[in-house]
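K.L.:
Chains as they are written, first to last, in the working numbering: chain A, 11 to 321; chain B, 270 to 628; chain C, 270 to 628; chain D, 5 to 273; chain E, 5 to 273.
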Amino acid sequence: SGGSGSGGSGGGDAIKIGVVTKTDSNPFFVKIRESAKAAAESEGAELIALAGAFDGDNEGQVAAIENLVGQGVKGILITPNSSSGILNAIKQARDAGVIVIALDTATDPEDAVDATFATDNKQAGVLQGKWVRAALGDKTPQLAMLDGTPGGTVDTFRHDGFLEGAGITEGSSEIVGQADTNGDQTKAQTAMENLLQRAPGINALYTINEPAAAGGYEAIKSAGLTDQVTIGSIDGSCTGIENVKKGIIGATVLQFPAKMAEQGVQAVVQYAKDGTKPSGFNDTGSQLVTDKPVDGVESKDTTWGAENCWG
Amino acid sequence: MPGAIACADRPLATFPLNSHVRHVKDIMNSTPTSAVVTPGQKSRSLLERVIREPLLGPIGALLLAILIFSIITPTFLNPNNVSLILQQSVVVGILAVGQTLIILTSGIDLSIGSVAVLGTLVAAQALGTTGPFVALGATLLVCMALGAVNGGLVTVLRLPPFIVTLGTFTAIQAATRLFAGSQTYQVPEGPLTFLGTSFRIGSFSTTYGVVAMLLVYALVWYALSQTAWGKHVYAVGGNMTAAKLSGIKSDRTLFSVYLVTGIIAMIAAWAALGRIPNADPNAYQNANLETITAVVIGGTSLFGGRGSVIGTLIGTLIVGVLRNGLTQAGVDSLYQNIATGILVIIAVAVDQFARRRTS
Amino acid sequence: MPGAIACADRPLATFPLNSHVRHVKDIMNSTPTSAVVTPGQKSRSLLERVIREPLLGPIGALLLAILIFSIITPTFLNPNNVSLILQQSVVVGILAVGQTLIILTSGIDLSIGSVAVLGTLVAAQALGTTGPFVALGATLLVCMALGAVNGGLVTVLRLPPFIVTLGTFTAIQAATRLFAGSQTYQVPEGPLTFLGTSFRIGSFSTTYGVVAMLLVYALVWYALSQTAWGKHVYAVGGNMTAAKLSGIKSDRTLFSVYLVTGIIAMIAAWAALGRIPNADPNAYQNANLETITAVVIGGTSLFGGRGSVIGTLIGTLIVGVLRNGLTQAGVDSLYQNIATGILVIIAVAVDQFARRRTS
Amino acid sequence: MTGSAQGKTPSPYALEARGLVKRYGSVTAINGADFELRHGEILAVVGDNGAGKSSLIKALAGAIVPDAGEIRMNGERVVFHNTRDARAKGIETVYQDLAVIPALDIASNVFLGREVRRKGIRGSLFRQLDMPRMRKESSAHLADLKIGIKSVNQAVETLSGGQRQGVAVVRAAAFGRGVIIMDEPTAALGVKESGQVIDLIRSIKDRGIPVILISHDMPHVFEIADRIHVHRLGQRAGVVDPKQRSMSEVVALMTGAERPTDDERAGRV
Amino acid sequence: MTGSAQGKTPSPYALEARGLVKRYGSVTAINGADFELRHGEILAVVGDNGAGKSSLIKALAGAIVPDAGEIRMNGERVVFHNTRDARAKGIETVYQDLAVIPALDIASNVFLGREVRRKGIRGSLFRQLDMPRMRKESSAHLADLKIGIKSVNQAVETLSGGQRQGVAVVRAAAFGRGVIIMDEPTAALGVKESGQVIDLIRSIKDRGIPVILISHDMPHVFEIADRIHVHRLGQRAGVVDPKQRSMSEVVALMTGAERPTDDERAGRV
Ligand SMILES: Nc1ncnc2c1ncn2[C@@H]1O[C@H](COP(=O)(O)OP(=O)(O)OP(=O)(O)O)[C@@H](O)[C@H]1O
Ligand SMILES: Nc1ncnc2c1ncn2[C@@H]1O[C@H](COP(=O)(O)OP(=O)(O)OP(=O)(O)O)[C@@H](O)[C@H]1O
Ligand SMILES: [Mg+2]
Ligand SMILES: [Mg+2]
């Protein structure tokens, strides 16, 4: 089985693996890329890392898959930009005998790929939401939401999960402001500054990732409202954990990108060796990290976080 | 040879172009309906007419890139891989035709990609309630309407195309997301994905999208070089005042270019659904920069009035070849970006060098 | 009044400008060192010299926007909010000065944001091993070197600025990510974040970054309008051939513009660290489009040779006011984008209208 | 567009203007100018630099829309919104700044705005241009002027100043049916080439088409003009008969050193 | 840059060229042209359109670099890589296409490339331009030409064709010290204004500065030139003495209808 796409030529029998991330810019994907590189090296495999040009660059990811298949890889690890946008290319790759593993983001339907190694982003959002709500105590939430890119799969899962966890419905008056930040700190800061001008009573802040949280915090700090606003976030980068420790972010949800990448690479190598295909959704887990634990949400402290963070 | 030679009243035996002078005089004396042409035209084959001298640079750069990649990677010249490069170039390649037209009029279209993306969503949503052909018709209408908005603002209000299309780009992109509820829409196989269908010519397999792209190029090449409309496009872009004084309906020409670009965006939207049967409001965000790059690499002047659509095709292919070839060579995307940045500059430098040689 | 009047050999009592003619003749007869000037100049105050007629349009658009937002929102004219708008404009505003210079030479700089971003990372990383002033020096060197690369490719190889800076943009962005491992680097408070420090003038609090921005504008305004270098920049952008024939060191002028833009990018990098004390390889990705927008809204021609840096300041503020004002008015971000797109077009339309009135 | 003159006896004027005004900001380029062109005549327009000659003929050619005043052709009121309107009435113009497209070849420039399509379906359906024919015709016309153009495929930007002017002259001469206006058509031309343009103007007159010639070249003007319109300070100072006035008198009129007679001032010569 | 002529007796020529060649692709614009300009003389250069006159003087002014041939000033070999090199030797040129910057005002155009800075620290340290002085000087120079320019703050693009030419002429006349070259300086000028340029050229000669005048206006040429260089087919056909040859003979020489004498061919007049 397999190998039909490789053309049989090339030097030696080093297994070639492709990894296609959403972009090259997000440290999360950089962590995936680097962990995959390291894992591949230790397995004696060769890894080619490609990426889309921006969040939503389906064409770029499709081209990357096509070019990797043409190059003769055994398996492709991909963090799909949109859960359904690149299914054709994935199917063609699988038809050519390449196994495709989704990392971080599941495809829709899930069995479009051989296997998925991912965080449950919705669940991560729920954790953030629950914690923020509990930390607010009796106060009525006055929530600002610093979203990522409108329409991104992960962005939507986290956003929806947060609202579910916080017990707030979309469109409710408890949401006093929302802005798209593309997960970018500068944009997040400008957006938060402007939101605070309009709604100085904001007491809860959802952020799509830790850079957005840092940007939001800068704005809150210069407005002198640090005591008033509870900030939640998702990612688990070491900078983020550090920020939790400093009290800049109230709590963050730690993800495990290195686990996803390592398991993915190992699965491809396994397949190349004996044809065993991985399958199904493999949750790599998410963990709330905070130094201010609340009742009803299981959490770990920043010391644990600093040991398990990435980047 | 000095241009003054036709003034010579006496034969100048030592003057090489004298025979040409006589020839011109013969024409003057011949009956006006005779088919005598000046020597310069006689020797022009179709190929020469399609590939004009200024294209030698881009073609050279493309061939050089192909040569290098076929040497350093074993897979690059596979028919499959060549077909892939073409398929990957389809959407941006089609959009780049519209961009060429607009840049020829000394404009620029930053909205072109967003129009096509909105087109894919209109098609996908209309498909649910109507048939595929109505959906395609609706897409065409929407894309043309947006082209008309751009064109109207540029011609009637005389606003700078950069600002107009930046404004519509921003507005259309946001409107698309609202319209789509930030969702993506799957499109089932059918007429809407037709341009993604493969077929074989001998052992070479390609898609109808590639054919559509080549057709668009051929059509617009024909319109630009063989019709009065084309001359007017060059005239309007080369010197608007002179074009007006020459009695060209410059506003109408300008407006028509934006309308045609709308139609081209619709074809690109169709091809995009063929390539990825999933309408996504976040797709093709860099199409404006990518198309402009293809146009400029192809030797078209950003100041208008000079250039050709064939150059743009070559420009598109150069970018496609670079991306594919670098992947074949096992280069990671960050290094690919560095390499692409440098190679694009080199490609244009080769062009400049070739041009200075021939002029 | 016809321009021919100075030719009049006899007094024309009915002709209103006749006194002016006599005036000019007086000048001719006066000693060359006398300080007599033509009436046109006498009445020009400093303000008039700074705010030239073509700026009335952008200024009108800005005032209109301010008026509308101060009516529909209660918070807009708060000193705090005004200060915020200025602070939010600092980085793009400074970069837009460099962009203006390059556009005046009929170029374009797509790399300007990426140079500044690389600058922030160089500063942040150098800070770890050296002192803050060495770090700033290193940043200046890197930014100037990149400006020199752009300028060298444009002047020596005569490549189109669009392609050169697109190439360097792509390459620098990728290189920055590699260099930083896509990590962000926190910068502790100190000289590197100095431009983020606030101070008060009366009840109005602002940052040194705002002051730096205004200083950069003032300096470049002076250089453009009061020095020979400025005249040469306009000449090179207005008509390169004529500039060359007039004996201007056109290549040197062009190169110097790219170098100065490098310096300005360094100042922007410094201001960026003041605003967000965290060097992020992914920041300011849209700076190229944003700066070009500010320049064009400010009335500078993308074809070079016409425009002013004061217009760019107003253009920057228009964008800042729109974004802030729409948020104050409670408009959601997608609707904000739609509104911004449309409002930017309206701002430029107001400008065009004002211009047609005055010409 | 039809004015009150309809139904009267045919007008003696091919082209006529009354009280034209055109302002550019604070500059009044045309300041209430009158103008009359008789059928079949060659009318020279002379005047100092900046007198407003080009502005005047631009108004007559539809290139600028006057702020006030009216224009009549054959006694009938006409309004030109653009050069196309004027062209439709048979008015062809050589502009002082030539109005050629540098990057286009000579043949395309000559036929710009009135391209010839191929015969048959290639022309009607596919709208293909008959480039060979346009090339042949342009090169025949240009050969008449003997300005030494090598090939009509050349881009206009590669031509010398005089050759460029030749292209503009040929374009107007080839297509004018009603009135041909030439704004300093020989300014960049050599002695021989100027002579050929003068011959060309004469042959246009022989075809019965009136010509307006703006020129600073007094010997040429006196050689060829039937009447001379003297323009000064944005107005018509008067119209003189070259057989009754000397060159130096005309120059004096241009500068205002001499006064026109009442008939001259009223254009009755 | 110093050639073999050094140390010899002083050259009779202010500017001199031998065997200049310049090709544009397949067009040879200068085809082995010789050229001599004597000290203090006015040398007219005449020739058909496209004969290569502009190309020749562009080579002399450093605007194009010839493919072959050599140029000497006062007998000394010079190589001009650009117009700055020629300017540094005192050669000033009015180009046929004027070389003005449309968007800049008149004063800035006149002083372009040699701006005057303010006195004192404002000029030396802050490098501020002395715009009032530049304006005053330009308007004084322009007033001499009487081309009716209202204000030197006007952008050049708002001027009439003739006024624009005046600006270019003034610029060259004001700054030339070695040689002044004028390529058809009166082409767009009116009778009076042309006369003023001719007077200006005479006054330049009176200052002892030699002038090269390209013109198609034979009466002007014969009025003012000390010698006439006839250019034909990219070469010097000969140099004639306007006192010995008639206008029609010179025109005949330009077209090749008449042959120059051996002395004329060798430039020995
Ligand atoms: N577009 C314009 N904007 C401002 N002023 C203008 C414009 N066009 C012409 N003028 C002014 O109008 C006046 C008349 O110009 P016009 O070109 O008609 O003169 P002209 O008689 O043709 O001169 P010439 O003999 O030099 O060609 C001049 O003073 C000129 O500066
Ligand atoms: N940049 C160029 N590219 C190609 N050909 C050129 C170029 N410049 C000049 N030529 C050609 O060189 C020849 C000589 O041109 P040049 O301008 O020197 O003639 P000229 O004697 O000044 O004519 P005119 O009296 O019309 O100004 C012409 O045939 C012209 O077409
Ligand atoms: Mg004129
Ligand atoms: Mg010439």
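We put the beta carbon where it would ideally sit given N, CA and C, even for glycine.
Could you confirm whether any beta carbon from chain E is found closer than 8 Å to the beta carbon of Tyr503 (chain C)?
P.N.:
Here the question's residue 503 (chain C) lines up with position 234 in the third sequence. Tyr503 (chain C) counts as touching chain E.
K.L.:
Counting only runs that start and end within the segment 39 to 106 of chain E, where is the alpha helix (DSSP H) found for 4 or more residues in a row?
P.N.:
57 to 64 and 87 to 92
K.L.:
Going by the C-beta, is Tyr454 (chain C) closer than 7 Å to any heavy atom of ligand 2?
P.N.:
As a working note, residue 454 (chain C) is residue 185 in the third sequence. Every heavy atom of ligand 2 is 7 Å or more from the Cβ of Tyr454 (chain C), so no.
K.L.:
State the CB to CB distance for the pair Val4 (chain D) and Lys196 (chain E), rounded to an integer number of angstroms; the pair is presumed to be in contact (CB under 8 Å).
P.N.:
Look at the range of chain D in this structure, 5 to 273, and you will see that residue 4 (chain D) is not part of it.
K.L.:
Take Ala67 (chain E) as the anchor and find which of E:Arg131, E:Gly54 and E:His85 has the nearest alpha-carbon.
P.N.:
Your numbering for residue 67 (chain E) matches position 63 in the fifth sequence. For Ala67 (chain E), the closest of E:Arg131, E:Gly54 and E:His85 by C-alpha to C-alpha distance is E:His85.
K.L.:
Which ranges would you report for the alpha helix (DSSP H) in the segment 238 to 294 of chain A if only whole runs of at least 4 residues count?
P.N.:
248 to 255 and 267 to 284
K.L.:
Which word fits Leu379 (chain C), buried or exposed, when buried means at least 16 other C-beta atoms lie within 10 angstroms of its C-beta?
P.N.:
Residue 379 (chain C) sits at position 110 when you count from the first residue of the third sequence. By the 10 Å Cβ count, Leu379 (chain C) comes out buried.
K.L.:
At the level of alpha carbons, what is the spacing between Arg291 (chain C) and Lys154 (chain E)?
P.N.:
One-based indexing of the third sequence puts residue 291 (chain C) at position 22. One-based indexing of the fifth sequence puts residue 154 (chain E) at position 150. With a pLDDT of 27 at Arg291 (chain C), under the threshold of 50, the modelled position of this residue cannot be trusted; read the value that follows with caution. The alpha-carbon atoms of Arg291 (chain C) and Lys154 (chain E) are separated by roughly 11 Å.
K.L.:
What is the DSSP secondary structure of Glu56 (chain A), reduced to helix, strand or coil?
P.N.:
Mapped onto the first sequence, residue 56 (chain A) falls at position 46. Secondary structure of Glu56 (chain A) (DSSP, three-state): strand.
K.L.:
What do you get for Lys149 (chain A), buried or exposed, if any count of 16 or more other CB atoms within 10 angstroms of its CB means buried?
P.N.:
Walking along the first sequence from the start, residue 149 (chain A) turns up at place 139. By the neighbour-count rule (16 or more Cβ atoms within 10 Å), Lys149 (chain A) is not buried but exposed.
K.L.:
If you draw a straight line from the C-alpha of Lys513 (chain B) to the C-alpha of Leu571 (chain B), how long is it?
P.N.:
To locate residue 513 (chain B), count along the second sequence from 1; it is residue 244. To locate residue 571 (chain B), count along the second sequence from 1; it is residue 302. The alpha-carbon atoms of Lys513 (chain B) and Leu571 (chain B) are separated by roughly 21 Å.
K.L.:
Apart from the five residues just before and just after Thr89 (chain A), which ones in its own chain have a Cβ nearer than 6 Å to its Cβ?
P.N.:
What you label residue 89 (chain A) is simply residue 79 of the first sequence in a count that begins at 1. Correct list, in chain order: Thr31, Lys32, Leu113, Asp114 and Thr115.
K.L.:
Give a single yes or no on whether Ala192 (chain E) has its beta carbon closer than 7 Å to a heavy atom of ligand 1.
P.N.:
Looking up residue 192 (chain E) in the fifth sequence gives position 188. Yes; taking the cut-off as 7 Å, the Cβ of Ala192 (chain E) has a heavy atom of ligand 1 nearer than that.
K.L.:
Does any heavy atom of ligand 1 sit closer than 7 Å to the C-beta of Thr159 (chain A)?
P.N.:
Walking along the first sequence from the start, residue 159 (chain A) turns up at place 149. Not under cutoff, so the answer is no.
K.L.:
Below 8 Å on the Cβ atoms is my contact criterion, and I expect Val160 (chain E) with Met138 (chain E) to pass it. Report the Cβ-Cβ distance as a whole number of Å.
P.N.:
One-based indexing of the fifth sequence puts residue 160 (chain E) at position 156. One-based indexing of the fifth sequence puts residue 138 (chain E) at position 134. The Cβ separation is near 14 Å, so there is no contact.
K.L.:
Given a threshold of 16 other Cβ atoms within 10 Å of its Cβ, counted over all protein chains shown, does Thr265 (chain D) qualify as buried or as exposed?
P.N.:
To locate residue 265 (chain D), count along the fourth sequence from 1; it is residue 261. The C-beta of Thr265 (chain D) has fewer than 16 other C-beta atoms within 10 Å across all chains shown, which makes the residue exposed.
K.L.:
So, is the C-beta of Ile579 (chain C) closer than 8 Å to a C-beta in chain E?
P.N.:
For the purposes of this step, residue 579 (chain C) is taken as residue 310 along the third sequence, with counting starting at 1. Taking Cβ atoms only, chain E never reaches closer than 8 Å to Ile579 (chain C), which makes this a no.
K.L.:
Would Pro160 (chain A) pass as a contact of Asp130 (chain A) if the rule is Cβ separation under 8 Å?
P.N.:
Residue 160 (chain A) sits at position 150 when you count from the first residue of the first sequence. Residue 130 (chain A) sits at position 120 when you count from the first residue of the first sequence. No, the Cβ-Cβ distance between Pro160 (chain A) and Asp130 (chain A) is not below 8 Å.
K.L.:
Nearest to Ile25 (chain A) by CA position, among A:Glu51, A:Asn36 and A:Arg43, is which residue?
P.N.:
The residue you call residue 25 (chain A) lines up with position 15 of the first sequence. Among A:Glu51, A:Asn36 and A:Arg43, the Cα nearest to that of Ile25 (chain A) is on A:Glu51.
K.L.:
Looking at the unbroken alpha helix (DSSP H) that takes in Lys26 (chain A), where does it start and where does it end?
P.N.:
Position 16 of the first sequence, counting from 1, holds the residue named residue 26 (chain A). Annotation for Lys26 (chain A): no alpha helix (DSSP H) segment contains it, though the beta strand (DSSP E) segment containing it runs Lys26 to Thr31.
K.L.:
Using the C-alpha atoms, what's the distance from Val225 (chain D) back to Ala106 (chain D)?
P.N.:
As a first step, residue 106 (chain D) must be located in the fourth sequence, where it is residue number 102. As a first step, residue 225 (chain D) must be located in the fourth sequence, where it is residue number 221. In the sequence as displayed, the identity of residue 106 (chain D) is Pro instead of Ala. Rounded to whole angstroms, Pro106 (chain D) to Val225 (chain D) spans 30 Å at the Cα level.
K.L.:
Tell me which residues of the segment 186 to 204 of chain A have at least one Cβ-Cβ distance to chain C shorter than 7 Å, keeping chain order.
P.N.:
Gln188, Ala189, Asp190, Asp194, Gln195, Thr196, Gln199, Thr200, Glu203 and Asn204
K.L.:
Could you give the C-beta distance for Val485 (chain B) and Val411 (chain B), rounded to a whole number, given that I count them as a contact under 8 Å?
P.N.:
Your numbering for residue 485 (chain B) matches position 216 in the second sequence. Your numbering for residue 411 (chain B) matches position 142 in the second sequence. Rounded, the Cβ-Cβ distance is 19 Å, inconsistent with contact.
K.L.:
Starting from Lys26 (chain D), trace the beta strand (DSSP E) in both directions and tell me its first and last residue.
P.N.:
For the purposes of this step, residue 26 (chain D) is taken as residue 22 along the fourth sequence, with counting starting at 1. Under the DSSP assignment, Lys26 (chain D) falls in the beta strand (DSSP E) whose first and last residues are Tyr17 to Tyr28.
K.L.:
Report the residue from B:Lys518, B:Gly400 and B:Ala395 whose alpha carbon sits nearest the alpha carbon of Ala449 (chain B).
P.N.:
As a working note, residue 449 (chain B) is residue 180 in the second sequence. Per the Cα distances, B:Ala395.
K.L.:
With a threshold of 8 Å between beta carbons, is Asp52 (chain D) in contact with chain E?
P.N.:
Position 48 of the fourth sequence, counting from 1, holds the residue named residue 52 (chain D). Chain E contact via Cβ: present.
K.L.:
Beta-carbon within less than 8 Å of Ile363 (chain C)'s beta-carbon, same chain only, minus the 5 sequence neighbours each way: which residues are those?
P.N.:
One-based indexing of the third sequence puts residue 363 (chain C) at position 94. Within the same chain, Ile363 (chain C) has close Cβ partners Ala481, Met482, Val485, Ile533, Ile536, Ala537 and Ala540.
K.L.:
Please name the residues in the segment 66 to 89 of chain D whose beta-carbon is closer than 8 Å to at least one beta-carbon of chain B, in chain order.
P.N.:
Ala67, Asn86, Thr87 and Arg88
K.L.:
Which residue comes first and which comes last in the beta strand (DSSP E) that contains Arg240 (chain D)?
P.N.:
Reading the fourth sequence from its first residue, position 236 is the one you call residue 240 (chain D). Start and end: Gln239 to Val244.
K.L.:
Looking at Ala172 (chain D) and ligand 1, is the gap between the Cβ and the nearest heavy atom below 7 Å?
P.N.:
Taking the fourth sequence and counting its residues from 1, one reaches residue 172 (chain D) at position 168. Outside the cutoff, so no.
K.L.:
To be precise: take each residue of the segment 531 to 554 of chain C, compare its Cβ to all Cβ atoms of chain A, and keep it if any distance is under 9 Å. Which residues remain?
P.N.:
Ala541, Arg544, Ile545, Pro546, Asn547, Asp549, Pro550, Asn551, Ala552, Tyr553 and Gln554
K.L.:
Would you list the one or two residues that DSSP bridges to Ile218 (chain E)?
P.N.:
Working through the fifth sequence from its first residue, we reach residue 218 (chain E) at position 214. Answer is E:Val49 and E:Asp187.
K.L.:
Who pairs with Ile208 (chain D) in a beta bridge, going by DSSP?
P.N.:
Counted from its first residue, the fourth sequence places residue 208 (chain D) at position 204. DSSP, once it has assigned bridges, lists no residue as partnering Ile208 (chain D).
K.L.:
Could you tell me the boundaries of the beta strand (DSSP E) in which Val190 (chain A) lies?
P.N.:
Counting from one through the first sequence, the residue named residue 190 (chain A) turns up at place 180. For clarity, residue 190 (chain A) is Asp in the given sequence; the question names Val instead. Residue range Ile185 to Asp190 is occupied by the beta strand (DSSP E) that includes Asp190 (chain A).
K.L.:
In this structure, does DSSP put Lys132 (chain A) in helix, strand or coil?
P.N.:
Translated into the one-based positions of the first sequence, residue 132 (chain A) becomes position 122. DSSP, reduced to helix, strand and coil, places Lys132 (chain A) within a helical segment of the structure shown.
K.L.:
Could you say which of A:Thr200, A:Asn213 and A:Leu87 lies nearest to Leu146 (chain A) if we only look at CA atoms?
P.N.:
Position 136 of the first sequence, counted from the start, is the residue given in the question as residue 146 (chain A). Checking every option, the nearest Cα to that of Leu146 (chain A) belongs to A:Asn213.
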